[in-house]
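Below is one structure, written out as structure tokens; the observations come after it.
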Amino acid sequence: MENRPIIQIPIAGHEPACLILHEEKRETLFEEDKEIAAGNGESRWQLVEGCTYEYELPEGYTLERSVVVRPFQTHPNCGRICTNIYVGSLPLPVWLAGEVADTVTVEIQSVKTDYRSDYQEMLKDITLKCTELLMQQSAPVNQYFKLDPACSAQTLYQRFAFIRSLIASDEFADAVHRIRTAPVTKWKEAEVTRNISNLKRINHQIARQLQTRNQRVPLPGSHPLRGMFESLPQKVTVPYKEETVDIPENRFVKYVLEGFLQFCSSLLSHACAGERLKREARQTAGQLEQYLSLSLFKEVGNLTVLPLNSPVLQRKEGYREVLQAWFMFDMAARLVWKGGDGVYEAGKKDIATLYEYWLFFQLMELVTEVFQLPPALADKLIVPSKEGLELTLKQGKAQVVKGISPGKGNQRNLHVEFHYNQTFGAAKDHTRMGSWTQRMRPDYTLTIWPEGMSKGQAERQELLIHIHFDAKYRMDIYERLTDDGMLEKEKLEERLGNYKRADLLKMHAYKDAIHRTVGAYILYPGTQEKRFSSYHEIVPGLGAFAIAPGKAKDSTEGLKKFLLSISTHTRNRASQWEKISFHKQQILSIQEPQVTGKVTPRLYVPEHPVDWENSSVLVGYYKDLLHKEWILDNYLYNIRTISGRGGDAIG
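For the sequence shown, the working numbering assigns the number 2 to the initial residue and increments by one for each residue that follows.
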């Protein structure tokens with residue numbers, strides 16, 4: 002144990018006592034730089050998800066048992082920390098003599114190296130989608146959200162996470178940088194005192210000063226103005242124009258930054274604010290203070306009128322993004338997302354669950370675009386609640402976006418439904434919706450059937466199809482789908498609990514068990530697409546599509562093309578899948594199996610299968626028993642090509 006890398010975390014107030022961590026897998030235990038850790042709102046002591054560590058404490062000290070912490074029975078001051086799929090801050094209360102001596106916080110990293118940026122990108126995108134939905138029905142107002150003193154710590158952090166995703170985004174930082182380097186200015190009238198010898202032009206105002214201004218000097222007799230003036234002032238005040246940044250648009254930017262800073266400061270003093278929230282709010286507030294310390298904002302006064310109709314705010318780069326962030330700020334601060342409890346709870350960053358939620362919005366946008374459906378309604382996804390505006394998206398709670406997809410020309414219209422977490426219950430009856438084995442609940446389901454019939458009618462007539470998608474926040478999905486390996490090696494991996502092809506088998510389970518399923522696909526944050534087709538048509542099929550946070554617009558192109566192909570395929574009445582569905586319905590509509598006790602005769606063309614139920618039968622006669630026996634022995638029958646005697650016969 003002593004040869005493995007360790008870190009020692011001091012227990013505050015009990016020095017030199019410390020918590021010692023030992024890594025079991027190399028390069029999975031780190032002590033992060035203080036500035037980097039503070040910049041990310043994290044602890045310096047960093048572990049990795051899916052790894053196991055041994056810990057030691059001095060005699061008498063213990064850690065509380067949990068799903069992550071497992072103390073030894075014989076030595077309670079020692080044990081193991083199994084991070085499993087936990088990602089984020091993990092507080093570890095250290096107990097001594099029945100009391101909490103200190104709480105040590107460690108950070109658990111995701112195995113995906115850029116999970117920090119992914120996490121912020123996905124939160125930002127969800128915030129944008131939610132505020133877009135809200136703006137469908139109401140315009141933003143100019144009053145800032147005020148925190149409820151009774152707001153729970155969990156709701157408080159969730160709201161801050163939404164706001165931080167706006168303020169800490171690269172887009173917002175770029176916007177402030179653009180404004181700082183190229184601020185909008187205007188020319189304003191000003192006055193300056195100049196020596197009279199430097200005058201170049203004389204207007205009516207200067208001429209009056211030549212007569213009335215004090216501090217004058219006498220003119221010599223030879224001066225050309227001696228006949229008009231006996232003396233002239235030494236200096237005069239002349240008008241000129243100067244460039245200034247103190248304009249309403251720049252005042253508005255300063256106003257927005259100060260409002261964001263006030264929000265973060267109010268979190269720091271909130272009674273329910275936890276340590277992680279305070280740490281991240283302090284870091285965000287520091288970033289805002291840096292913006293406000295720029296020389297640009299020192300020259301800008303306070304805002305008196307909101308210039309919302311300004312073309313500069315609406316169109317110019319930098320200003321436009323700040324205006325958008327301000328519009329979204331109040332709505333995002335009011336938004337409550339109980340489905341995000343598992344994402345934020347206890348300071349953890351459940352990025353896999355967040356990825357599932359994020360994909361819902363990506364798929365919803367793709368489906369509505371490809372099938373030309375009406376946009377999702379805000380009152381279906383965001384509803385008023387006691388705590389504010391509640392986003393109803395939650396694991397296990399079904400959501401649906403639906404509409405009629407119009408066909409081009411004489412193509413048929415389609416009913417299209419996009420479901421989140423739809424449950425398919427056990428249903429032995431093949432004419433009903435469900436699974437013929439056990440209950441199943443894919444993450445997302447796309448359901449399509451022709452317009453002009455109910456969903457139940459389409460089910461019974463085999464004219465309805467399901468396509469399922471599952472979210473997997475893992476980078477090795479492509480390898481899992483393409484690495485066949487040796488069967489012996491696969492069996493060994495299964496015995497060890499490493500199911501390399503479990504994801505692919507799950508897609509098979511969806512396709513084979515859920516009635517009328519024609520496709521099941523994995524969505525993961527990678528770069529490569531993999532699809533399997535049962536035959537040359539696009540369905541039935543399985544596979545995986547890569548959709549990565551931060552690159553969603555580019556990475557969804559493959560899935561978009563696939564959905565366009567599905568749209569074309571389901572409108573094609575001459576497709577082979579349509580023919581298969583027709584015959585399947587015809588066959589399965591007969592409740593009793595067709596059984597015959599007769600011996601099926603040998604085929605004339607043995608290699609060609611025959612649909613016996615729909616085959617024609619030739620009725621002939623035999624002349625005598627000898628003729629009958631010959632026919633039965635040879636499975637042949639004689640037919641004359643020409644009637645009458647002398648005609649040729651064929652067998």
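Glycine included, every Cβ here is placed at the ideal spot set by N, Cα and C. Being a predicted model, the structure only gives us computed values, none of them experimental.
With 16 other CB atoms within 10 Å as the buried threshold, where does residue i fall?
i, result
"Gly444", "Rather than Gly, the amino acid found at residue 444 in this sequence is Asp. When all chains shown are included, Asp444 counts as buried."
"Trp188", "exposed"
"Asn639", "exposed"
"Thr446", "buried"
"Glu3", "Any reading at Glu3 must be qualified, since the residue scores a pLDDT of 47, below 50, and its modelled position is unreliable; no value is offered."
"Ala274", "buried"
"Gly99", "exposed"
"Asp126", "buried"
"Leu22", "buried"
"Trp450", "buried"
"Gly435", "buried"
"Tyr120", "buried"
"Ser568", "buried"
"Met229", "exposed"
"Asn414", "exposed"
"Arg160", "buried"
"His509", "exposed"
"Phe425", "buried"
"Ala102", "buried"
"Lys387", "exposed"
Could you check how far apart the C-beta atoms of residue i and residue j are, in whole angstroms? I think they sit under 8 Å.
i, j, result
"Gly61", "Val70", "The pair is not a contact, with the Cβ atoms about 17 Å apart (cut-off 8 Å)."
"Ser232", "Val218", "6 Å"
"Leu543", "Ala521", "6 Å"
"Glu281", "Arg165", "7 Å"
"Ile468", "Val519", "6 Å"
"Gly14", "Arg277", "So it is not a contact: roughly 21 Å between Cβ atoms."
"Asn78", "Thr63", "6 Å"
"Glu452", "Ile405", "6 Å"
"Ala176", "Gly410", "In fact, because the Cβ distance is near 45 Å, the residues do not count as touching under 8 Å."
"Asn422", "Gln458", "About 25 Å separates the two Cβ atoms, so there is no contact after all."
For the alpha helix (DSSP H) holding residue i, just list the boundary residues, first then last.
i, result
"Ile632", "Leu626 to Asn635"
"Arg277", "Glu276 to Leu293"
"Arg71", "Premise fails: Arg71 lies in the beta strand (DSSP E), Val70 to Pro72, not in any alpha helix (DSSP H)."
"Val425", "In the sequence under discussion, the amino acid at residue 425 is Phe, which differs from the Val named in the question. First-last for Phe425: undefined, no H or E at that position."
"Thr182", "Asp171 to Thr182"
"Asp331", "Tyr320 to Arg335"
"Pro249", "Pro249 to Leu269"
"Trp578", "Gln577 to Leu589"
"His205", "His205 to Thr213"
"Leu297", "Ser296 to Lys299"
"Glu460", "Lys456 to Arg461"
Would you kindly report the start and end of the unbroken beta strand (DSSP E) that includes residue i?
i, result
"Leu233", "Ser232 to Pro234"
"Asn196", "Lys187 to Asn196"
"Leu716", "Summary: the structure shown does not reach residue 716, with the chain confined to residues 2 through 652, and so no result is reported for it."
"Arg217", "Arg217 to Pro219"
"Ile8", "Ile7 to Pro11"
"Ala472", "Ile466 to Ala472"
"Leu447", "Tyr445 to Pro451"
"Cys19", "Cys19 to Glu24"
Is the shortest distance between the beta-carbon of residue i and the beta-carbons of chain C less than 9 Å?
i, result
"Ser198", "In the displayed structure, chain C is absent; only one protein chain is listed."
Only counting runs of 3 or more residues, tell me where the beta strand (DSSP E) segments fall wholly within the region 508 to 574, in order along the chain. 518 to 525, 531 to 534 and 542 to 547
Run through the region 356 to 399 for me and flag every whole beta strand (DSSP E) of 3 or more residues, listed as ranges in chain order. 383 to 386 and 389 to 392
3-residue-minimum beta strand (DSSP E) runs that sit fully inside the region 36 to 101, ordered along the chain: 46 to 49, 53 to 57, 62 to 64, 70 to 72, 79 to 83 and 89 to 97
Using 8 Å as the threshold, is the region 205 to 225 in touch with the region 177 to 185, meaning 3 or more CB pairs across them? no
Could you tell me whether the region 545 to 559 touches the region 528 to 537, using the rule of 3 or more Cβ pairs below 8 Å? yes
Is the region 41 to 59 touching the region 103 to 110 in the sense that three or more CB pairs, one from each, lie closer than 8 Å? yes
Would you say the region 289 to 304 touches the region 199 to 210, given that touching needs at least three Cβ pairs under 8 Å? no
Would you be able to state if there are at least three C-beta pairs under 8 Å between the region 553 to 565 and the region 423 to 439? no
Below 8 Å, can you find three or more Cβ-Cβ pairs linking the region 255 to 268 to the region 290 to 298? yes
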